[in-house]
Amino acid sequence: MADLSIVFAGIKAPNPFWLASAPPTDKAYNVVRAFEAGWGGVVWKTLGEDPAAVNVSSRYSAHYGANRLVQGINNIELITDRSLEINLREITQVKKDWPDRALIVSLMVPCVEDSWKFILPLVEATGADGIELNFGCPHGMPERGMGAAVGQVPEYVELVTRWCKTYCSLPVIVKLTPNITDIRQSARAAHRGGADAVSLINTINSITSVDLDRMVAHPIVGDQSTHGGYCGSAVKPIALNMVAEIARDPETRGLPICGIGGIGNWRDAAEFMALGSGAVQVCTAAMLHGFRIVEDMKDGLARWMDQHGHRTIEAFRGQAVGHTTDWKYLDINYKSVAHIDQEACIGCGRCHIACEDTSHQAIASTLKADGTHAYSVIEEECVGCNLCQITCPVENCIEMQAQDTGKPYLNWTQDPRNPYREAS
Amino acid sequence: MIDALNHLPRPRAGADQLAERFSDLAPPLTARQAAVESARCLYCYDAPCVNACPSDIDIPSFIHRISDENLQGAAERILSANILGGSCARVCPTEILCQQACVRNNAQECAPVLIGQLQRYALDNAHFTEHPFKRSPATGKRIAVVGAGPAGLACAHRLAMHGHDVVVFEACDKAGGLNEYGIARYKLVDDYAQREVEFLLGIGGIEVRHGQRLGGNLSLGELRDQYDAVFLGLGLNAVRQLGLPDEEAPGVLAATEYIRELRQADDLSQLPLADRCLVIGAGNTAIDMAVQMSRLGARDVNLVYRRGHADMGATGHEQDIAKANQVRLHTWARPDAVLLDDAGKVRGMRFARTEPADGRLRDTGETFELAADAIFKAIGQRFDDACLVDPVAAQLAREGERIRVDENLQTSLPGVYAGGDCTALGQDLTVQAVQHGKLAAEAIHAQLMLNVEAA
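Quick mapping for you: the protein sequence lines, in order, are chains W and C.
Residues in the first sequence are numbered from 700 upward in steps of one, following this note's numbering.
Residues in the second sequence are numbered from 2 upward in steps of one, following this note's numbering.
Dropping the structure here:
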């Protein structure tokens, strides 16, 4: 069986599945249950200065798909609302009891050197394996000059990271906010400040829905609401892109990345790893299903690795990074065409109407004798956009087939149709 | 009726227990079930289910609206194509119509979307405070509709919507036709048929006159003179006979007559019970008869058909209902003689065994007898010629025994239209009748308005 153990930014863990700093890691009771369930590590819910934060009642809301399938959760919960002393005591005990698991402590204090200088030694004394700087919390805390308010200013990110490296010997993981225009700026700042790793993404500013009777957004506090932070499977595509952006940025090359964002199963995790993540953090999936899901994640990942001959995570980590490039380097001469498997087709017509109304009129509808319709691709019109394949409810019914055009690789920088092409 | 069965005992079960046995065969969906089921619809384009629906309901659209929690919008979508969508949702053989055609009706997709049940859900839960359709400005035209069954009612509603005034002539005490008098009680429960009629009439401009029988106190000639157009939705009111001696003996009855009585009964425990019951035929009426007698408490219910299972008019779904209700299906047996006891009442029936021979049926020479307290004939309904006796009606061209119509539902007499089971067009289904009524109304409207423009 494949070896799932990792050493991430110097931190050892029996597997790469960590719980993200969030309600599931709020206190010893939860964290012990998580370790019993088999999680490789946890990032303890963010500690702050005393007095502890105070939370409101009504904290989460969701974006649903069909049949109440939760696609994303929005939360307005702040950092820990328990005292620093209680948290530090519990962390010390849990680390002592679970020495083989990674225990990272998330921190958020004001952007003042003394604040960091005060708290860092206290955390180090617990025996924790590392610290994660919460520069991403998008709700509540930024109004007080913390969380995303720091993460959105690269200079602050660099500054605080440097303080942490100065006053603490533990590995420093900088958690990045996605509520910015270019994630690489934040990652580069963390790198300059001496970060041992970055973790991303934190939650995305969000309002999930509005109660149209009461005319107030969710979650409702009294008769008001506020924006929260969005997480869950809906944010995975955004997180994957940001991970890839950092992984292929020459300025941060080699900087360890802990992937976070919508990871709910082993495949999600493997995808983050393929784009460069050395460990992953999970929250929403655990909040929806409980800690037991880690068993399925470990089992699925190990079996997939076995099938593909990957003995360790390092063996395949980052393998998709090299295949991720700028648009301008894509092969203009590559051509694919849709092919519909008539045996598998159930005749729903979704591919046809999607192509007819919104794409390239490349799927013909033919009335059959029994009054139903047959659908076939008009290859000359097909641009290979994949839309029909996306709309098709039957897996593998529509296949995008690569065409042999006989033409060589040609990218936009070389294409004669590009007036700004680079001279060859 | 039931004079012919008055000598029989009454059900052993009490009224409440029997009422329970005749409640919804397919209970309505809950909100959660409707949410799950509506989300299964793939929202097909040129959807095969719509193609299979005789009344052209835009099924993907109404299901999408259920999924969007827009039940009134869903209901209006259904009703705009089929004003009797509520009863059709309950009585349609969806297993051979929309759900048969559903793209998810295969092993890979597990099961078709429950279109009929969703349609019922939308209509049961839409809760309109006023009639959802508005009448166009009055045209001053008056149209006679004969028969307040599904065809006549659908025609009347659409005509009223176009601004015409409609008088519906109905022989029975209640409107609704087969929905009121002919459907198995557990398929269309309580007073739904009447409530639906009431809803339909809510559009206004429709007067229903009862006790009016074509060929009795009503003649087509007079109607044609007095109204701008006439629609005939006469149905099939005669029963096919076995053609055997003693067919009128106490204990022999048309299944439709018993079902009619059963549907009207306030207290099911007062109905005559045939403890040993024979049903002759293999259509849905035969199944309805057999299953209802079984639910009344009959111990021995036999359904006998002269051909094989594959030839049965009843759908596989209906046959399954029969089996689930302890009805025994006998095939390849032809009624040969009604057997009477000394008092002249039915005691059973002798059957001749049959076999196929070159596509025809022939006796094998073997016979057998089944004991029975009553025999119910369900070998089909016929068009009742007695209604077309006046000189004008007698001119109507016929197709077989039924009234001939063209694709606009117009008969051979200009201004006279017909639809539903009394015509030979399409299948004998409620939903087909509704479609006929609707299309005839559109044709009548187009013709009358054309005449107005020309004038």
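Heads up, the beta-carbon is just placed ideally off N, CA and C, and yes, glycines get one too.
The beta carbons of W:Phe716 and W:Met986 sit no closer together than 8 Å. Assigned with DSSP and collapsed to three states, W:Met914 falls in coil, not helix or strand. Among the residues facing chain C, W:Thr1071 is included, as its CB has a counterpart in that chain under 8 Å away. When C:Val435, C:Ala442, C:Gln433, C:Arg121 are compared, the shortest CA-CA separation from C:Val417 is found for C:Ala442. Distances from the alpha-carbon of C:Ile184 to those of C:Ala455, C:Thr431, C:Met450, C:His446 put C:Thr431 closest.
Within the region 223-271 of chain C, the complete beta strand (DSSP E) segments of 3 residues or longer fall at 230-233, 253-255, listed in chain order.
Judged by DSSP secondary structure, W:Trp815 falls within the alpha helix (DSSP H) whose first and last residues are 812-823. Listed along the chain, the chain W residues whose CB falls inside 7 Å of the CB of C:Val37 are Asn766.
Linking C:Glu356 to C:Asp374 through their CA atoms gives a straight-line distance of about 27 Å. Shown here, W:Gln1018 sits in coil according to DSSP, grouped into three states, outside any helix or strand. Not one beta carbon of chain C lies nearer than 8 Å to the beta carbon of W:Arg800. Contact of W:Arg913 with chain C by beta-carbon distance below 7 Å is absent, the smallest such distance being about 16 Å. Contact between W:Ala1043 and W:Val1093 holds, with the beta-carbon distance rounding to 5 Å and staying under 8 Å. Within the model, the alpha-carbon separation for C:Arg143 versus C:Glu208 is close to 11 Å. Pairing W:Asn786 with W:Thr745, the inter-Cα distance amounts to about 10 Å.
Burial is judged here by how many other beta carbons sit within 10 angstroms of a residue's own beta carbon; C:Gly217 has fewer than 16 and is exposed.
At a cut-off of 3 residues, the continuous stretches assigned as beta strand (DSSP E) that sit fully inside the region 163-195 of chain C are 166-171. For C:Ala250, same chain residues with a beta-carbon under 7 Å away, outside a window of 5 residues either side, are Val339, Leu341, Gly345, Lys346, Val347 in chain order. In this structure the region 89-96 of chain C does not touch the region 133-150 of chain C; the number of beta carbon pairs closer than 8 Å is below three. Classified as exposed, C:Asn452 has fewer than 16 neighbouring CB atoms from the shown chains inside 10 Å of its CB. Residue burial is scored here from C-beta neighbours: W:Phe971 has at least 16 other C-beta atoms within 10 angstroms and is therefore classed as buried.
In the three-state scheme derived from DSSP, where H, G and I count as helix and E and B as strand, W:Ile710 is classed as strand.
Residues of chain C with a Cβ closer than 7 Å to the Cβ of W:Cys836 do not exist, since the nearest Cβ in that chain sits about 34 Å away. Pairing W:Asp1030 with W:Asn1085 gives a Cβ-Cβ distance that is not under 8 Å. C:Asn52 carries a helical assignment under DSSP once its states are collapsed to helix, strand and coil.
Checking the DSSP bridge columns, you'll see C:His331 partnered with C:Val305. Proximity of C:Leu43 to chain W, defined by a Cβ-Cβ separation below 8 Å, is satisfied. Among the bridge pairs identified by DSSP, C:Arg354 is matched with C:Ala334.
Residue environment: C:Glu171 is assigned as buried (16 or more neighbouring CB atoms within 10 Å of its CB, all protein chains considered).
Listed as beta-bridge partners of C:Phe369 by DSSP are C:Phe352. The beta carbons of W:Ala801 and W:Ala1001 sit no closer together than 8 Å. Using a CB distance below 7 Å, the part of the region 1049-1083 of chain W facing chain C consists of Arg1049, His1051, Ile1052, Ser1064, Gly1070, Thr1071, His1072, ordered along the chain.
The beta-carbon separation of C:Arg277 and C:Asp301, rounded to 4 Å, stays under the 8 Å limit for a contact. Proximity of W:Ile1089 to chain C, defined by a Cβ-Cβ separation below 8 Å, is not satisfied. For secondary structure counted as the alpha helix (DSSP H) over 4 or more consecutive residues, the region 760-802 of chain W holds these complete runs in sequence order: 783-796. The C-alpha of W:Glu1013 lies about 10 Å from the C-alpha of W:Val706.
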